[in-house]
Structure formats: structure tokens, C-alpha cells
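Undergrad: Sequences listed follow chains A, B, C, D, E and F, in order. Position 88 of the first sequence, counted from 1, bears residue number 89 in the numbering used here, the numbering being contiguous throughout. Position 202 of the second sequence, counted from 1, bears residue number 203 in the numbering used here, the numbering being contiguous throughout. Position 34 of the third sequence, counted from 1, bears residue number 35 in the numbering used here, the numbering being contiguous throughout. Position 92 of the fourth sequence, counted from 1, bears residue number 93 in the numbering used here, the numbering being contiguous throughout. Position 149 of the fifth sequence, counted from 1, bears residue number 150 in the numbering used here, the numbering being contiguous throughout. Position 18 of the sixth sequence, counted from 1, bears residue number 19 in the numbering used here, the numbering being contiguous throughout. Even glycine gets a Cβ: it sits at the ideal position worked out from N, Cα and C. As the structure is a computational prediction, the values presented were derived from the model and not from experiment. Handing you a structure now.
There are 6 protein chains.
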Amino acid sequence: MILKLCIAFSFLISASYGQISVVDFCVADYSVANGPAGYSCKNASKVITDDFIFTGLGVKGNTSNFFKVAVNGAFDLTLPGLNGLGLSLFRLDIDVGGVVPIHTHRVSEVIIVMEGTIIAGFIGSDNTAYFKTLNKGDVMVFPQSLLHFQVNVGNIPALAFVSLNSPNPGFQFISASLFANNLPSSIVEKITLIDKDQVKKLKSIFGGTN
Amino acid sequence: MILKLCIAFSFLISASYGQISVVDFCVADYSVANGPAGYSCKNASKVITDDFIFTGLGVKGNTSNFFKVAVNGAFDLTLPGLNGLGLSLFRLDIDVGGVVPIHTHRVSEVIIVMEGTIIAGFIGSDNTAYFKTLNKGDVMVFPQSLLHFQVNVGNIPALAFVSLNSPNPGFQFISASLFANNLPSSIVEKITLIDKDQVKKLKSIFGGTN
Amino acid sequence: MILKLCIAFSFLISASYGQISVVDFCVADYSVANGPAGYSCKNASKVITDDFIFTGLGVKGNTSNFFKVAVNGAFDLTLPGLNGLGLSLFRLDIDVGGVVPIHTHRVSEVIIVMEGTIIAGFIGSDNTAYFKTLNKGDVMVFPQSLLHFQVNVGNIPALAFVSLNSPNPGFQFISASLFANNLPSSIVEKITLIDKDQVKKLKSIFGGTN
Amino acid sequence: MILKLCIAFSFLISASYGQISVVDFCVADYSVANGPAGYSCKNASKVITDDFIFTGLGVKGNTSNFFKVAVNGAFDLTLPGLNGLGLSLFRLDIDVGGVVPIHTHRVSEVIIVMEGTIIAGFIGSDNTAYFKTLNKGDVMVFPQSLLHFQVNVGNIPALAFVSLNSPNPGFQFISASLFANNLPSSIVEKITLIDKDQVKKLKSIFGGTN
Amino acid sequence: MILKLCIAFSFLISASYGQISVVDFCVADYSVANGPAGYSCKNASKVITDDFIFTGLGVKGNTSNFFKVAVNGAFDLTLPGLNGLGLSLFRLDIDVGGVVPIHTHRVSEVIIVMEGTIIAGFIGSDNTAYFKTLNKGDVMVFPQSLLHFQVNVGNIPALAFVSLNSPNPGFQFISASLFANNLPSSIVEKITLIDKDQVKKLKSIFGGTN
Amino acid sequence: MILKLCIAFSFLISASYGQISVVDFCVADYSVANGPAGYSCKNASKVITDDFIFTGLGVKGNTSNFFKVAVNGAFDLTLPGLNGLGLSLFRLDIDVGGVVPIHTHRVSEVIIVMEGTIIAGFIGSDNTAYFKTLNKGDVMVFPQSLLHFQVNVGNIPALAFVSLNSPNPGFQFISASLFANNLPSSIVEKITLIDKDQVKKLKSIFGGTN
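Okay, here's the thing in C-alpha cells:
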């Protein structure tokens, strides 16, 4: 008799709402082009738990690069279950002397420092700089679209986690943006007021053409 | 001469705005996978009036089930014209002694009682319960994501209509969520504090496995 | 000992989240000016169940007016608990021969007919009219901002309920908008192509000045 | 050695963020049906600068029509780079005696007059008319969904630019909406209070059927 | 002469944009009631760097409570700079045998495990459970409004960080919601199907009245 | 008798919707602090047509500054009627040789060139530069948050209008952001890779301290 009740209940749900669970989430289907709101949803019947899980942030990233920094994490291209949900999460490793150069993105960010000592800051559109030394357990927020940075000023490698409220924040690093492309040097000089020789040098570093 | 003016005007509109009407609404095309913002739009030239109409809420739903309740209505899967417009509408029938068990959904809901007497309520995140007996003509609002319920406490079948501000609200019934799946009983006990025997009994009612 | 556990738990919640319940909802405080997102929130400690309830839609509204129609309902100014939640609900009475004249509002609307027979419709921005006769139990959706109307074409008073996805939809009745104010008749004629005599007549009906 | 650093940096970026640039913008791919949030995105590797540019608003539009008005501009169907970005821009030419008839759209509009003299105005949902004579350099805002109009009341052709916060605003011209379709005259009369003869005349002008 | 240029530039900015920096962020002013979109903004001239910083998440929270769990973090009431920015960040400590009981909130959550082993999961509205054992460095996402939980199933205390895309997520713990208030036991039984004795026991644990 | 009808109608409207017009728009009340969604609304009874109008963009702005550029326009602080409506409009004058230096803002922008010849461009987050020479009548869109610029490369002063989809876009000029404040030179060097001497020089130009 219990069984009968159970069936009745199942019927109620399926009759009234059909396959409604498909919209609780929208696991990205990378085989179709995305749209302004994200990727199309994977067929609900094929969604598995692993679509919501990303692994590998327990170990230090590869910081053997110019800035001595590594950024790895879960965003729409690495964690399909984040699609449409408005969040991403990154692990940030900064070696001694390393730097996350000044950059911006479309959405706000919150950082928590877990190891080491960094100076972090952002700059308001009235050119006021808000910056401070952060240690283990300190949290700082960087408002959307404003320029910000992190610098390891301690004696050990720094570890931090950052979360942003978009599955794809769109990081834009200012120096790379200006010096890693084919934007003519004469224009770069005019729009930045940086001297010709300096522009030339930075273009060499970042691989831009003249 | 009137005719000539008419043509001139038509030309103006078509030349300037083209097929702009396609975006006034976005009738769901169920043949393509949906996305975070809803289904793709049916070709405008094939849209008909019936795409915006749903029929059949004039009669009582089938309440011969465990909870003595029927929920039927217009949402994105039954009324394609609702796609992208942020609304849905349901008819709620609750027989004498019937119950809409405690549940939640992503969006807010407004209910109007048309027949009978129910107790309806929701619970805030500080655990405060807001509940009251509602009669014909009474309206109550249930804020988004909060637990809420309706119970027929009168002598006649109750009839109500509910509207929610999503074309697909994502109803989640707590007891069914906990006891109608393969979540191990030991976990269910821990995350609810419900005793082992009770969990077992509810799993039997809702059809969950151990 | 159970009691002790209970206290410990309460402490955990209050210590971690404080007065977080205030943001589950935002009951309108009418004593302060509202903003683009709605009214300020009433102090949480003073919120009562009745803030979420509106009564009186169980009886027919007063239709003894020119259009033989009555619209009454729950929106931000009559049901403070709706503030910020994106929904409203109205009862619509249309006497025999009565009309809800062509109008528009910022948000989408869904209607359900409960008694009588009406013709309802809306017009797309390509000037296509979508209209149909609706009977008891029929639901129709009117997309945001598009012109729409309802006309009682039956032999008995019609009763319907409409829900809109804003706590304050901003109804704009076209004829009243054009003819109930001090907009000069010469301008009204030009922007509508309606003849002078007709404008004059409609201004008299709606109370506009010349 | 600089070159080596450059490569290391490039690796860092590409390894961490992949093809993230595709979401900075979403150039419309017209070959696929659009959705509630806009068109699907063109493949990032095929995006070119011209996808973000629209030309031809430097010359007067064709105003040889009934209303002596021309509206041309950049919106999602003419400037694919606007897709998903929430903006459009139009050039408005109004000849002497010309009129932009009363209309509405889903989103707000801001106008700047560059040549000539116009009367512009909008009407609130309480039927209050806000209107004024605008000259070169004057800016006026028309709130979303409200009825508004522009009339050239000067001695020279007027030129203005308008921007709206949607890539596809959905212009709805009231008179055309009412009189350019197959909505029965008897209904039009009832929902507008306009006399039978006037409705007939306007249907002739706009091409509606009886 | 450089100085003169500097002044000229400053003038340009201040003349054109005024105090525009106030809107880059909106540091909460707790002295005024909040609204549906958050708190009013603190006067820009009084904003300091510390308004964007929260400290103290470097040490374990107090887990000496029934669930052996501590949740501490940065949200609108503890980190005023988060107001209006759509993010919060919490530190989660779960002792051996501890549990974050099943709960829900208005927004999506992403978790990263830093120490220990937990089972985490959520339940879709079709009652499908998605759950898995997570270890150090594993990330999981919990879609908005869906029921979810975390259980320490390892031999050491677990440490995790969670980020949610609201400055005030509105945590709702199901068992506390049902059993920590004055909702009559008879109603609780009906809306949950839990037996009378069990309801009574849980009310005792959570402090609800009968 | 007509008058009687008119009164009946007025009664209908006022009885049902009250002061609903206040929410059609929300004219900024600068006397109260703003919030995340904008300023509080001015009392509806005091709203006048001029609250929606801004004048003075018909004449060239003052370009006697370092960059030979003037930006003037209608945004929330100069045109109160824009509050809450998601739009702003600016006049941009760039003298021969003048530059709008590289900058960013929270929202997307559309530009139309009316006089002169400029090179305009933006840079994607993958460092691709999209730039082109624009002449009279050309429109270009700059996606939200991405770096962009305009340079007068012609022989006459350039005139353009830009619209952005926020009443307060939050312009952030990169060079001023980096060099017009008290951010230590050593940090600026690290986060930009610009040489010490160059940083010193730019700090002098923009007025930053060391």
C-alpha cells in the first residue's frame, strides 16, 4: 500500500511539472556556440555529478614565468556546471617577488589570502588608490571593472583564492593589452603618455609589433 | 491617394526596422536545447495566437494522490509564449485534508484563494514562521527561495491560483527531495537529524533507495 | 542536555549571520521615499504576517463607470510585502459590454479567465494583432510593453485574474494618456492622425484641456 | 632573453584562461535563431573590427513619406557587435512639418537635437504630459515603455540622435498598431473610444482591413 | 610648466564628471534602513581602505556546537564594501563527524576544500541527488535555491571556503526552519509527513514550541 | 453627462492605482545618499518637465587642456531624470592632435562621429586590438569594461556623441589612475613593468606623489 502511495505521488510530480529539473542548472554544452547569457544546456538526462566538480586546486600552479604567478581555477570553460550560475573560483599562487600585474574585469572579485603576505589594492575612477598589506585570513573586495593588483611582498610564496561573480570574468591585464598586439606605437604613446623608448621596450617584452 | 500614403508609410517602417517584431517576444522552439535565459525563439513568421494561450484550467485537476492535491498550469513547457517573459501561472486544487507539502523555488510567488479555507505560510531564514488562515479573495506572497506550504483546513475542496515570476520556477518539495532518491540513509540522518527508522519509513513512502 | 545543544545551535546561527533574515524580504516602509529598486525595508523586528497578506478580492469590484470595468489588487502600494519581489496580482471585473481599453505597461502579464467570455489580444511592434476569444480556464500572456486589451463579448459579467512581474506595473491607458491632459489638441492630432473634431470629443470624455 | 620571457607570459595567459576573449563581446551570428538574451556569438576567430562598426549616418535619411521622417541606425540587425551589449543608436531626420508619431518601446531613450526645433514629450501613467520645445544641443530622456513623440515645429529640417538601452528597442507606433492590421473595427472602436468613421479613415491610411 | 598641465588635466576631470567616484562602489551605511538592492552608500569622502577589508578568517572558527561546524565570513553586515557588489565569502570549519545540515539560499555557491575529506551534494528539483567525496583542492558548485549539504567523513577537521553571488545569501537550514519556531506540530507533520513523535523530538532539539 | 462619465473614469483610475505614476521614473533626489541602484526618487508632485531635460551640448566644450579634449553631458548628476533609467549621453570634442586617452568603464558605449576624423579602438581580453579610422556618420561600439581610446587624426576639430548604458558610467582613465595618486612608485613599476624614470615623469605630469 505504501508502494501505491509512492506511485501516486510520482505521478503527481511528473504529470504537473514534466522535465522541469533541466532548468535548475544549465551544464554547458561546448559543442554549440554560446550566447550573451552563456552556453546552451547539456541534455538533462546526461548530466552527471562530475559536471559540477573541478579538481586540482590543491597543488601550487606553475609560476616559472615572468611575473612568477599562476592563476588556475574553475570557470565556465573548465567547470561546465558553472554555466549560467554567475560565479567562478580561482587559485592564485604568487612566488616571492611575484606580481599579479594591474588588471580589470567585468565583475567584482573577493580575495582571501591563505599563505604569505601581499600588498593588494584597487583604484577608483577618481584616481584614489585603496591598498593595504594583507596576511593570512584577510579578505579584500575589488569592485567591478576597477583597476587592481596584488604583489607578494613577503619572504615566502603567497597563496590566495579569488571568487568573481561571473562564470567568465574576462581578465584584462593592462600592460599586456597595450603592448602585446599590433596597435601602432605612435597611438600607444598618445593614449598613454608613455615615452617612445619605453613603449618600444614594453612591446618587446610582451611581444607586440610596431 | 490614401493608398499611396499607406504604402509610403509601410516602406518607412520596413526600411528602418526590418523584422524587428521577432524580439517583442520569444516563443519557445522546443526542438533546440535551451540556455540559461530560456529557449531559442521560434521563427517569427510561424508564430500564431495560440502560442500565447493555454487552456484547461477551468476544471479541477486530478487530486487522487497521496497529498490530495493537483497543480496544473502555464509555464514554459506548456505555454511556449511565456519563454523569456518571466512569468508562470498555476491552478491549485487541494481536497479536504489535502496538503501542498513544504517546498521552495527560485522565484517569488503570489497566491489567491478562490474557494475553501487554507492555512498558508512561509519561514524566514531566521526561522520565523509567517502563517495564517486564508479564505476566498485573500492574497499572500511567498518570497523567493523560502520554504512555504498550504494546507486545506476547511470542509470543502480548496481552489487557488498562484503566479510566479519565472516561466519555470523549479519547484523543490523538501520531503520528496530528501527521501525519493539514492542519497544514503546515513547521510540523510546526519543532515536532517531525523531518526533512522523515520528516514527508512519516509524512503518507503517516497520511493528512495537505501 | 537537549536544551543545551539547542542553545549552542542558536548561538552558532546568531553569531554567524546576525540579523540576516531582514533580507529574505523587504516589506515596504512607505514613510521614506522609494528608489529605482523599490521602497526601503521596514525594520525586521516589526514585520508581521499581515504585511504579506491582502484581502478583499473575493467580491466583485465597482464597475459603475464608463468602461464598466474594475481593477483591484495587490501591488506595492496595497501589499507592502511585495516590495522588491517582482510580482503583483489583480482581480479584473468586466460587466456585460465592458472593456479594458487598450493599454500597456513595463512588464509582462498573464491572465486567467474565471467567468464569462472575453476577447483579449495584443499587438506586436510589426503591427500584427494576436487576439482570441477566451473562456473559463483559458490563460493568455501579454508580452511586456506591447499594446493589449480585453473586451467582454459574452452575456454575463466576466471575471479574470492577472499577474504581472513587477510590484508596480505602471498601467498606461492609451486614450486616457492622449486625452486626459493639457497636451495641445494640435499636437495630439499630429502625433495620432486623429481628426480635430474627434480629438475634441475625446478630450471632453477624458477631461483633457485644449 | 626578453623574447623568452615573452613566451613564458603568453603561455601563462593561454594556459589559464584559454579562449576567454570570446565572451568580452558576442557578435551576432544571424544564421542561428536568437534567444531571449539575443543572438548566438560568432566564432571568436572570425570576428573583425568591422563587426563593431556601422556607417552611413552622416547623411540625411529618406523623408519622402507620410510623416516626413526618417529613422536609421545601428541596432542588432545592422550592427552585429551590439548583440548582448544593451545599446542602440539612431539618426532621426524630421522635415519641416514632420512628425515622429506617438510611440513606445521596451527601454528608455535619450535624444539630442543637433539641428532645428522640435517639440518633444512623454506621458506618464497618471496621464501627465511632460513636453517642451527643444533646440540645438538640448537633451531629453523618455522613460521606458511610456508614450512619447517628437514634432518638428521649426522652419528647417530637424536632425537628432537617439540612443536606447537595448540592441533592439521594439518600436511600437500607436496609430499604426491600431489601424494597420486585421483587428476588427468594432473592437478598435471599443478599446479606444474612437468613432466608427474615424477608425475607418485611419484604417484606410494605415492599410488595415475591416 | 608640467605642473600647469597637471592642473589643466585635473580640471578637465572634475569639471566633466564631478564626484563620479561615489558610484564605483557603495560602502554600506548601516545607519539607514536598507532597500531591495542593498544599503545606502556611505559618503564618498569618508570611505577608507578598511571598508573593503575583513580580517580573521585565518583561524579556525568555534565548532563547539551541536553540528560541530563553524561558518564565519565576509558579507554585507561584516564587510561594508561588499554592499551592492553581489558577492560574499565564508570560511567553513567542520570537525570530525561534523555536518553542515541540509540548507538552501537564494544564490549559487562554489566551495573549495582545503583540508580534510567531506561528502558534499545537492538535490535537483526532480529529486535527483548529485553528491561526491571531495578532497583537498576539489571545487564543487551548488546551483541557486537547491537543497545541499556537507558532511565531514574524514579523520581530521575539514576546512573549506565558499563564495556566493550575493552580499547576503540568506541561508535557510531546513531542520531549524521546521523545528525552531511556533509552527504547530500538527502542521509540521502534515507538510513533511514526519511522525508526531519525531516532530516532537526535533522541536525539542531546535527549541520550537508546540 | 460627458462630464459625469469623465469623473467616473477618473475615480476608477485613482481608486485602483493610486499614485502609481511615481514609479514610471525616479527623478533623483540629491539631498539623500544614493544606493546601489541609484538615488531616491523626488516626490512625484514636484517633478517637472525640466527634470528630464539637459541643455548646452550645442556648443563646443573647453578643450584648452593637456589632452585637448572636452567631455560634457547628461548623466545622473547633471540630468536627474536619468536616475534609474540606465542611460547617459555625452558630447565629445577633440581638437586637432587631441586624444581621449585609454580608459574603461563599467558599461558599454556607442559613439557616432559628427565632424572630423578619428582613430578609435578597443582591446579584447585576449589582447587583440580592434581599431579603425572613423569619419562623419560612422558608429562604433565599445564593449563593457574593455580598454578603448579615440585620437583625432584629422585636420579639423572632431565632434562626436557617445551614449553609455548607465546613468553613471564610472570613467577610469588608465594613466591618471596609475599616476595621479599616492600609490608608491615601486608598486607602480612592478604592476606595470614601466621603468622607474618613466613612472617618475608620468607622476609629475598627473600629479601623483612618490
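Report yes if the C-beta distance between Ile103(E) and Ile195(E) is below 8 Å; otherwise report no.
TA: No.
Undergrad: Comparing alpha-carbon positions, which option in Tyr31(B), Lys61(B), Glu110(B) lies nearest Gln151(B)?
TA: For the residues Tyr31(B), Lys61(B), Glu110(B), the minimum Cα distance to Gln151(B) belongs to Glu110(B).
Undergrad: For Asn211(E), go through chain C and note every residue whose CB falls closer than 8 Å to its CB, in chain order.
TA: Within chain C, no residue comes near Asn211(E); the closest Cβ sits about 15 Å away, beyond 8 Å.
Undergrad: Do we get a CB-CB distance below 8 Å when we pair Thr118(C) with the residues of chain B?
TA: For Thr118(C), the answer is no, since every Cβ of chain B falls outside 8 Å of its Cβ.
Undergrad: In terms of residues, what are the limits of the alpha helix (DSSP H) holding Ser126(C)?
TA: Looking at the DSSP string, Ser126(C) is not in any alpha helix (DSSP H), and its letter there is neither H nor E.
Undergrad: Would you give the residue range spanned by the alpha helix (DSSP H) that Ile157(C) belongs to?
TA: Element bounds for Ile157(C): n/a, residue is neither H nor E.
Undergrad: Are Gly36(D) and Cys27(D) closer than 8 Å when you measure CB to CB?
TA: Not closer than 8 Å, so no.
Undergrad: In terms of alpha-carbon separation, which member of Ile124(E), Leu86(E), Ala71(E), Cys42(E) lies closest to Gly209(B)?
TA: With distances taken between Cα atoms, Gly209(B) lies closest to Ile124(E).
Undergrad: If you draw a straight line from the C-alpha of Gly171(C) to the C-alpha of Ala121(D), how long is it?
TA: Taking the straight line from one Cα to the other gives about 21 Å.
Undergrad: Mind pulling the alpha helix (DSSP H) runs of 4 or more residues that sit fully within the region 172 to 200 of chain A?
TA: Complete alpha helix (DSSP H) runs here, min 4: 175 to 180, 186 to 193.
Undergrad: Can you tell me whether Val108(F) is buried or exposed, with buried defined as 16 or more other CB within 10 angstroms of its CB?
TA: Label assigned to Val108(F): buried.
Undergrad: Along the chain, where does the beta strand (DSSP E) containing Pro102(C) start, and where does it finish?
TA: From DSSP, the beta strand (DSSP E) with Pro102(C) extends over 100 to 105.
Undergrad: Kindly indicate the opening and closing residues of the beta strand (DSSP E) around Asp30(A).
TA: Counting along the chain, Asp30(A) falls outside any beta strand (DSSP E), and DSSP gives it neither H nor E.
Undergrad: For chain F, find out if any of its Cβ atoms is closer than 8 Å to the Cβ of Asp30(E); answer yes or no.
TA: At least one chain F Cβ lies under 8 Å of Asp30(E).
Undergrad: Might you give, ordered along the chain, the residues of its own chain that have their beta carbon closer than 6 Å to the beta carbon of Lys226(C), omitting 5 neighbours on each side?
TA: The structure shown has nothing for residue 226(C), since chain C only spans 2 to 211.
Undergrad: Please determine, among Val154(E), Gln173(E), Leu58(E), Gly99(E), the residue with the shortest C-alpha to C-alpha distance to Asn136(E).
TA: Measuring from the Cα of Asn136(E), the nearest candidate turns out to be Val154(E).
Undergrad: Below 8 Å CB to CB, which residues in the same chain sit around Gln20(E) once its five sequence neighbours on both sides are set aside?
TA: Only weak support is given to the placement of Gln20(E): the predicted model assigns it a pLDDT of 26, under 50, and the value that follows is read from those uncertain coordinates. Ala45.
Undergrad: Okay, do the region 154 to 170 of chain F and the region 78 to 92 of chain D touch, 3+ Cβ pairs below 8 Å being the bar?
TA: The region 154 to 170 of chain F is in contact with the region 78 to 92 of chain D.
Undergrad: Rounded to whole angstroms, what's the CA-CA distance from Ser22(D) to Val72(A)? Just pull it up for me.
TA: For Ser22(D), the predicted structure reports a pLDDT of 29, less than 50, and the residue's modelled location is therefore unreliable. The matter cannot be settled from this model.
Undergrad: With H, G and I counted as helix, E and B as strand and the rest as coil, what does DSSP make of Ile49(A)?
TA: Three-state DSSP puts Ile49(A) in coil, outside helix and strand.
Undergrad: To the nearest angstrom, how far is the alpha carbon of Lys197(A) from that of Asn66(A)?
TA: Computed Cα separation, rounded: 26 Å.
Undergrad: So Gly74(E) is in the beta strand (DSSP E); what residue range does that whole segment cover?
TA: Residues 70 to 75.
Undergrad: Going by Cα to Cα distance, which pick from Asp94(B), Val200(B), Gly138(B), Gln173(B) is closest to Thr64(B)?
TA: For the residues Asp94(B), Val200(B), Gly138(B), Gln173(B), the minimum Cα distance to Thr64(B) belongs to Asp94(B).
Undergrad: Can a CB atom of chain A be found closer than 8 Å to the CB of Val111(F)?
TA: Answer no: the Cβ-Cβ gap between Val111(F) and chain A never drops below 8 Å.
Undergrad: According to DSSP, simplified to helix, strand and coil, what is Gly82(F)?
TA: Gly82(F): helix per DSSP, three-state reduction.
Undergrad: Under the three-state reduction of DSSP, which class applies to Lys43(A): helix, strand or coil?
TA: Coil.
Undergrad: If you draw a straight line from the C-alpha of Pro144(D) to the C-alpha of Phe68(A), how long is it?
TA: Pro144(D) and Phe68(A): Cα-Cα distance of roughly 48 Å.
Undergrad: Only counting the same chain, and skipping five residues up and downstream in sequence, which positions put a Cβ closer than 8 Å to that of Met141(B)?
TA: Cβ within range, chain order: Val111, Ile112, Ala121, Lys133, Leu135.
Undergrad: What does DSSP give as the partner residue(s) for Met141(E) in the beta ladder?
TA: Answer by DSSP bridge pairing, in chain order: Ile54(A), Ile112(E).
Undergrad: Out of Gly62(C), Asp77(C), Phe53(C), Gly82(C), which one is the CA nearest neighbour of Arg92(C)?
TA: When each option's Cα is compared against that of Arg92(C), the closest is Gly62(C).
Undergrad: Thinking Phe207(D) and Phe180(D) are a contact (beta carbons under 8 Å), I'd like their distance in whole angstroms, please.
TA: The Cβ separation is near 4 Å, so the contact holds.
Undergrad: Kindly list, in the order they appear in chain F, the residues whose Cβ is closer than 8 Å to that of Ile124(A).
TA: The contacting residues are Gln173, Ser178, Leu179, Asn182, Leu184.
Undergrad: Compare the Cα-Cα distances from Ala177(E) to each of Ser205(E), Val97(E), Asp52(E) and report the closest residue.
TA: Minimum Cα distance to Ala177(E) is reached at Ser205(E).
Undergrad: On the DSSP bridge list, what partners appear for Leu165(B)?
TA: For Leu165(B), which the question treats as bridged, DSSP gives the partners Ser89(B), Glu110(B).
Undergrad: Would you report the Cα separation of Ile119(F) and Phe53(D), rounded to the nearest angstrom?
TA: Using only the alpha carbons, I get a separation of about 15 Å.
Undergrad: Determine the direct distance from the alpha carbon of Asp139(F) to that of Asn128(F), and round the result to whole angstroms.
TA: When rounded, the distance between both Cα atoms is 24 Å.
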